[in-house]
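To convert a position in the sequence shown, counted from 1, into my numbering, add 3.
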Amino acid sequence: MHRRHILTAVLTSPALAQVDFPERPPRIIVPAAAGGSQDSVARLLARFMAAPLGRPIIIENRAGAAGNIGFEFVARARPDGLILAAGSDNLSINKALFSGLSFDPVEDFAPVAQGTQVPQILVVRADSPSADLAGFLARAGCEPLAVATGGNGSLAHLLQALLQELTGRRWSHVPYRGGAPALNDLLAGTVHAMMGNIGAVAEQVGAGMLRGLAVSSPGRVAALPMVPSFSELGLGDAEVVGWHGLVAPRGTPQAVVARLYAAVLEALRVPQLRIRLDHLGISPSEAGPEALGQRMADDARRWQLLVSQAGLRPD
Numbered sequence: 004m005h006r007r008h009i010l011t012a013v014l015t016s017p018a019l020a021q022v023d024f025p026e027r028p029p030r031i032i033v034p035a036a037a038g039g040s041q042d043s044v045a046r047l048l049a050r051f052m053a054a055p056l057g058r059p060i061i062i063e064n065r066a067g068a069a070g071n072i073g074f075e076f077v078a079r080a081r082p083d084g085l086i087l088a089a090g091s092d093n094l095s096i097n098k099a100l101f102s103g104l105s106f107d108p109v110e111d112f113a114p115v116a117q118g119t120q121v122p123q124i125l126v127v128r129a130d131s132p133s134a135d136l137a138g139f140l141a142r143a144g145c146e147p148l149a150v151a152t153g154g155n156g157s158l159a160h161l162l163q164a165l166l167q168e169l170t171g172r173r174w175s176h177v178p179y180r181g182g183a184p185a186l187n188d189l190l191a192g193t194v195h196a197m198m199g200n201i202g203a204v205a206e207q208v209g210a211g212m213l214r215g216l217a218v219s220s221p222g223r224v225a226a227l228p229m230v231p232s233f234s235e236l237g238l239g240d241a242e243v244v245g246w247h248g249l250v251a252p253r254g255t256p257q258a259v260v261a262r263l264y265a266a267v268l269e270a271l272r273v274p275q276l277r278i279r280l281d282h283l284g285i286s287p288s289e290a291g292p293e294a295l296g297q298r299m300a301d302d303a304r305r306w307q308l309l310v311s312q313a314g315l316r317p318d
C-alpha cells in the first residue's frame, strides 16, 4: 500500500506537469544491434511512454564495443532529457571489465528507471546426456565442454564464469555476436550448452527442443515453471538477474528525471506492454532512480571482484 501511494503521488504531482521539458522528441540510444532483448525492451518503453510524455520517442541503435560506443555517446550528450540510453546490467559489467574507458559507465549517468528484470538460463539440447544441472557439472568434471553466450562482457559471460568459480568445474566459454547465433550453434550441436536471457530460448524450451537446467532468478519463472533456480539447487550465489531500463547523462535535472520515471511507470501499467514483456520472459520493475543507482554501484563492485578472481578479460 505504501508503494502504491508513492507511485500515485509521483504520477499525479502537479510539479511534474509543469516541468520545462524539451519539446523535441527524445531519443533513446540502444547500445546494441536491433532485434535483441535490450532493443526490444527499449522499443516497447518508447512506444508506451509516448502518451504520458505527449510526444514520440525515437530509437537509435549504436552498437559496438560491448555497448561502450552507444553509452559513451549518451554520457557526452547534453543533460536535458532529449538523449537517453537503453541502460542495462552491462553498465556495471563494463565498469568492472574494461579499463581505460574515456567515461565512467556508472558515475557518468543519471539513473532513470530499471524498467525490467531479466533472468538468465542455462540450457542444453533435448538429447543431451545432461539430464539436469548435477549431470552437466558431472560431465564438466570428466570431459571438455563448451558453453556459448551472446558475447564477451555480457551478463551470461560473467554468470557462466561465476558458476565455474562456485562449483570448481571448468569448461570453455564460446562467445558469439549475439544470442541468435549462439542459439543456432547449440541447436546444431556445435556447443554443449548455452547461457543467455530466458526470452532468447523460452520458445525452444517450451517446444521441447532445449532442456532448461537452471534459471538465475530467486525462484522459478512463470514462463518456464519446470526449470529450477540455481538457488533452489543450492547455488544461491549464482542468483543473478539482469535489467533493461533507462539512464540519462549525469547532470540531467532531477525534475526531468522524475518526469521520465513517471512516464516509465505509466507505460508499465499498460496491459499490452506487460503481455509483450511476459512473452519475452521478462518481468516489469518499478525501481526508480535511487534504487537503480544503488544497484548499479553494488553490481559494479560484485563484478569487479569476479573479474579479479577469475582473471576475466573483455576479449
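Backbone N, C-alpha and C fix where the C-beta goes; we use that ideal spot for every residue, glycine too.
Quantities reported herein were computed from a predicted structural model and do not represent experimental measurements.
Assigned exposure category for residue i - 16 Cβ within 10 Å defines buried
i	result
alanine 129	exposed
glutamate 75	buried
proline 184	exposed
methionine 229	exposed
aspartate 42	buried
arginine 173	exposed
glycine 291	buried
histidine 160	buried
histidine 247	buried
glutamine 257	exposed
isoleucine 278	exposed
serine 288	buried
glycine 153	buried
serine 175	exposed
alanine 210	exposed
serine 286	buried
Residues near residue i by beta carbon distance below 7 Å, same chain, minus five either side
i	result
aspartate 302	Asp92 and Ser95
isoleucine 60	Pro28, Pro29, Ile31, Ala49, Met52 and Ala53
alanine 313	Ala164 and Glu168
valine 310	Ala99 and Leu100
proline 122	Ile201, Val218, Ser219, Ser220, Val224 and Val244
leucine 14	Residue placement at leucine 14 is flagged as unreliable, the pLDDT there being 46, under the threshold of 50; a coordinate-derived value is accordingly withheld.
leucine 236	Leu136 and Ala217
Identity of the residues DSSP links to residue i by a beta bridge
i	result
threonine 152	Pro178
isoleucine 61	Arg30
methionine 197	Val126 and Ala151
valine 121	Gly245
arginine 86	Checking the sequence, you will find isoleucine at residue 86 rather than arginine. Answer is Arg30.
Nearest-angstrom beta carbon gap, residue j and residue i [assumed within contact, 8 Å]
i	j	result
proline 34	leucine 85	About 17 Å; that fails the 8 Å criterion.
arginine 223	valine 127	No, arginine 223 and valine 127 are not in contact; Cβ-Cβ is about 18 Å, not under 8 Å.
proline 114	alanine 265	Rounded, the Cβ-Cβ distance is 14 Å, inconsistent with contact.
leucine 190	alanine 203	Contact flag wrong, Cβ pair sits at about 12 Å.
glutamine 117	alanine 261	Actually they do not touch by this definition, with Cβ atoms about 15 Å apart.
Nonlocal neighbours in the same chain, by C-beta distance under 8 Å from residue i, ignoring five residues either side
i	result
glutamate 110	Arg253
glutamate 146	none
glutamine 297	none
Cβ-heavy atom distance, residue i to the ligand FMN, below 7 Å
i	result
phenylalanine 74	Ligands in the displayed structure: none, and consequently the ligand FMN is not present.
Same chain only: Cβ atoms within 6 Å of residue i, ignoring 5 sequence neighbours per side
i	result
isoleucine 9	Any answer about isoleucine 9 is weak, because its pLDDT of 44 lies below 50 and its placement is not dependable; what the coordinates show is given next. The answer is none, since no qualifying residue turns up.
glycine 73	Ile32, Pro34 and Arg65
leucine 263	Val115
glutamine 207	Leu213
Practice problem: Report yes or no: do three or more beta-carbon pairs, one from the stretch 271 to 285 and one from the stretch 76 to 83, lie closer than 8 Å? | Solution: no
Query raised in the report: Counting Cβ pairs closer than 8 Å, one from the stretch 134 to 153 and one from the stretch 179 to 196, do we hit at least three?
Result: yes
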